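A.B. asks: For reference, the structure I am asking about is given below.
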Amino acid sequence: MLAESVTALATAGATALIGAMATDMWQGARDGAVRLFGRGGEARGHAIGAQLDDDAVLVLRAEPGGGDEIREELQPVWRRRLLLLLEEHPDSESELRELVAHVQSGLPAEHRVWVQSNTAREHSTLFAVQGGNLHYHQATGGQLPPPDDRSGTDGTS
3 MLAESVTALA TAGATALIGA MATDMWQGAR DGAVRLFGRG GEARGHAIGA
53 QLDDDAVLVL RAEPGGGDEI REELQPVWRR RLLLLLEEHP DSESELRELV
103 AHVQSGLPAE HRVWVQSNTA REHSTLFAVQ GGNLHYHQAT GGQLPPPDDR
153 SGTDGTS
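As structure tokens, then:
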């Protein structure tokens, strides 16, 4: 299992990469990604370049405002690819960090910000974080009332 910092790096890399699609930063981001994935062989680098180009065309041709939706769909795909790359080539971490910093510094603000929607139902607990860490420690003891018991502990609503 990869460290949380590596997972966060892959997430940042995917976000930067797809955020650069259809912007002035695209060619540099694409070339950097091809170089990174080229560690797995020249054919792999070319295949990644072709996939990036196809995905960039999807973003470019999206209806007005649809590019963000396409980016949201592509983010987990590229996150997974970057995680696999970092697993196979841990020495590529610093190069990916440099690429992320370079791309993010040149992106317009709207391509550096992502919206996350989360829903918790019944007595579930939901924890979500973007761009940071969340440390949660649950106290032992106490129990929640059953879902159909909406009254307070003293019998009042």
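Residue numbering for the sequence shown follows this note's numbering, beginning at 3 and increasing consecutively.
Glycine included, every Cβ here is placed at the ideal spot set by N, Cα and C.
This one's a predicted model, so the numbers in the text were calculated from it and none came from an experiment.
Using alpha carbons as the reference points, say which of A24, T9, V59 and A14 lies closest to E100.
C.D. replies: Cα-wise, what sits closest to E100 is A14.
A.B. asks: Determine the burial state of V79: buried for a count of at least 16 other Cβ atoms within 10 Å of its Cβ, exposed for fewer.
C.D. replies: Classification for V79: exposed.
A.B. asks: First and last residue of the alpha helix (DSSP H) that includes H104?
C.D. replies: E95 to G108 is the extent of the alpha helix (DSSP H) around H104.
A.B. asks: Could you tell me the distance, in whole angstroms, from the CA atom of L88 to the CA atom of V105?
C.D. replies: C-alpha separation (whole angstroms): 19 angstroms.
A.B. asks: Near G30, what residues of its chain come up, given a Cβ to Cβ distance below 8 angstroms and the 5 sequence neighbours on each side ignored?
C.D. replies: Same-chain partners within the cutoff: A22, H104, V105 and G108.
A.B. asks: Counting along the chain, where does the alpha helix (DSSP H) carrying R46 start and finish?
C.D. replies: From DSSP, the alpha helix (DSSP H) with R46 extends over E44 to R63.
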